[in-house]
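**Student:** Supplied in structure tokens, the structure appears directly below.
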Amino acid sequence: EDPDALTYCGLAVVLGIVDDATFLARLAKRRVFETVDGRVRVYAMPFTARSTMWQLSFPCAESDARRYAKDPPALKEKIESLCAKWHDPIPAMLRETCLENVAGYPVYDREPLDPGTLRPFLKGSRSLNPRRVTLIGDAAHPMTPFKAQGANQAVADAVLLARSLSENVRALGVAKGIDAALPVFEKKMLARASRVVRASREKARELHSTLALQVARKVQRDEAA
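When we follow my numbering, the leftmost residue of the sequence shown carries the number 6, and every step to the right adds one.
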């Protein structure tokens, strides 16, 4: 089995930006709103002082999601039909967003890597490969966007990498310090990020299921607000 294989999460995500001059989404001015119906989810927020960004996600076969990503008119028609009877301002917000400001993509993540995948033992040896190449961010641990952690985890990786290099180079010198730092960094990085990969996958499932409609989740949202 290929440890680098991506896993399709069963969802398509659509992003859009609408200028106030085209359509004023008052509900998203100086606030965020989210609407779910147990399958489709829409999230909207201010993008600039004069525009609104929205994200819509829905269950979709992988082949259809890949086709929609290459066919913006068909994608826009699909999402408009999904939300045609939703509350204001969603139908109009989707309809009035210019086609050139709409993009969609299939959602993938990957099973968390074992540190040995990034840094295997040398063939016929018990010594780790000493290569001075590593991965951070999405290259190491792609995840769904539904916990908004992709960029955060990449920043955390960078801080951890800098700290690991600094501590080991100071203690062991440049050459030995780099060789010692990278395996330690990779193990710590994957242990932390793997938990977030799994949590983001679970959040994707929750937001597109009847779990999203339960009273307990509404209480949780209200308390967070």
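Using N, Cα and C, we set each Cβ at its ideal position, and we do this for glycine too.
A quick note: this is a predicted structure, and the numbers were derived from the prediction, not measured.
Just reading off the alpha helix (DSSP H) that Glu172 is part of, what are its end residues?
**Tutor:** It spans Gly155 to Leu177 - the alpha helix (DSSP H) in which Glu172 sits, taken as one unbroken run.
**Student:** Need the endpoints of the alpha helix (DSSP H) that Ala33 sits in, please.
**Tutor:** Looking at the DSSP string, Ala33 is not in any alpha helix (DSSP H), and its letter there is neither H nor E.
**Student:** Tell me whether the beta-carbon of Gly15 lies closer than 9 Å to the beta-carbon of Pro64.
**Tutor:** Yes, they are a contact pair.
**Student:** Pick out whichever of Cys88, Arg124, Arg100 and Ser130 has its Cα sitting closest to the Cα of Ala145.
**Tutor:** Checking every option, the nearest Cα to that of Ala145 belongs to Arg124.
**Student:** Can you give me the C-alpha to C-alpha distance between Leu32 and Ala153, rounded to a whole angstrom?
**Tutor:** Computed Cα separation, rounded: 21 Å.
**Student:** Three Cβ pairs or more, each shorter than 8 Å: is that satisfied between the region 86-104 and the region 112-130?
**Tutor:** Flag = no, the region 86-104 and the region 112-130 do not touch.
**Student:** Examine the Cβ distances between the region 168-177 and the region 97-104 and report whether three or more of them are shorter than 8 Å.
**Tutor:** As far as the Cβ criterion goes, the region 168-177 does not touch the region 97-104, which means the pair count is below three.
**Student:** Terminal residues of the continuous beta strand (DSSP E) containing Gly15?
**Tutor:** Here the beta strand (DSSP E) through Gly15 covers Thr12 to Asp24.
**Student:** Considering only their Cβ atoms, is the gap separating Leu187 from Ser169 smaller than 9 Å?
**Tutor:** A contact, by the Cβ cut-off of 9 Å.
**Student:** If the criterion is Cβ atoms closer than 9 Å, does the pair Thr149 and Ala66 meet it?
**Tutor:** Against a cut-off of 9 Å, the Cβ pair of Ala66 and Thr149 comes out as no contact.
**Student:** Is DSSP giving Ala39 helix, strand or coil here?
**Tutor:** First, the amino acid is wrong: residue 39 is Glu here, not Ala. In this structure, Glu39 counts as strand in the three-state DSSP scheme.
**Student:** So is Arg35 buried or exposed if we call it buried at 16+ other beta carbons inside 10 Å?
**Tutor:** With fewer than 16 Cβ atoms within 10 Å of its Cβ, Arg35 is classed as exposed.
**Student:** Might you give, ordered along the chain, the residues of its own chain that have their beta carbon closer than 8 Å to the beta carbon of Ala89, omitting 5 neighbours on each side?
**Tutor:** Cβ neighbours of Ala89 beyond the five flanking positions: Pro96.
**Student:** Kindly indicate which residue of Glu191, Leu127 and Thr12 has the alpha-carbon position closest to the one of Val138.
**Tutor:** Nearest of Glu191, Leu127 and Thr12 to Val138, Cα basis: Glu191.
**Student:** If you reduce the DSSP assignment to three classes, tell me which class Arg100 lands in.
**Tutor:** Helix.
**Student:** Take Ala230 and list the residues in its own chain whose beta-carbon comes closer than 8 Å to its own, dropping the five residues that flank it on each side.
**Tutor:** Residue confidence for Ala230 is low, a pLDDT of 47 falling below 50, so the modelled location carries little weight and cannot support an answer.
**Student:** Does the Cβ of Leu99 have 16 or more other Cβ atoms within 10 Å, making it buried, or fewer, making it exposed?
**Tutor:** Its Cβ being crowded by 16 or more others within 10 Å, Leu99 is buried.
**Student:** For the putative contact between Ala30 and Ala54, defined by C-beta atoms under 8 Å, what is the C-beta separation to the nearest angstrom?
**Tutor:** That pair is no contact at about 13 Å.
**Student:** Could you pull the start and end residues of the alpha helix (DSSP H) that Pro77 belongs to?
**Tutor:** Residues Pro77 to Leu87.
**Student:** Measure the beta-carbon distance from Ala17 to Pro135 and round it to whole angstroms, keeping in mind my assumption that it falls under 8 Å.
**Tutor:** The pair is not a contact, with the Cβ atoms about 42 Å apart (cut-off 8 Å).
**Student:** Quick one: what's got a C-beta closer than 7 Å to Thr27's C-beta in the same chain, skipping five residues either side?
**Tutor:** Closer than 7 Å at the Cβ level, and outside the excluded window around Thr27, lie Glu101 and Cys103.
**Student:** Return the residue from the list Trp59, Arg46, Asp184 and Val19 that minimises the CA-CA distance to Ser214.
**Tutor:** For Ser214, the nearest C-alpha among the options comes from Arg46.
**Student:** Can you name, in chain order, every residue of its own chain whose Cβ lies under 7 Å from the Cβ of Ser56, other than the five neighbours on each side?
**Tutor:** Excluding positions up to five away in sequence, the list reads Ile22, Val23, Asp24 and Asp25.
**Student:** In terms of alpha-carbon separation, which member of Glu211, Arg203 and Gly109 lies closest to Lys75?
**Tutor:** It is Gly109 whose Cα lies nearest to the Cα of Lys75.
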